[in-house]
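Below is one structure, written out as structure tokens; the observations come after it.
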Amino acid sequence: YRIQIQNTLEENLRAWHFEDPPDKMEGIRNSLIEQVQGNRNPFIDHPEAVERVRDF
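Numbered according to this note's numbering, the sequence shown terminates at residue 880, and the numbering increases by one at each position without gaps.
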């Protein structure tokens with residue numbers, strides 16, 4: 825959407841991502857969604873990928 829978010833919000837989202845990593849149920853949900861939509865959430869499968877995102 826090309827909408828800028830505040831730096832503090834981005835910092836909070838990143839901190840939350842690392843403090844609450846995906847659990848088994850989120851992995852199961854990701855698989856069920858894949859069956860319907862045909863795609864997966866890469867941040868569930870590879871939580872470390874968030875480190876490769878320079879700017880949200």
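Where is the CB? At the ideal position from N, CA and C, for every residue including glycine. Because the structure is a prediction, the values reported are computed rather than measured.
Per the coordinates, the alpha-carbon of Y825 lies some 31 Å from the alpha-carbon of K848. Relative to A873, the option among R853, V860, P846 whose CA is nearest is P846. Linking N865 to N854 through their CA atoms gives a straight-line distance of about 7 Å.
P871 has its alpha-carbon roughly 20 Å from the corresponding atom of Q861.
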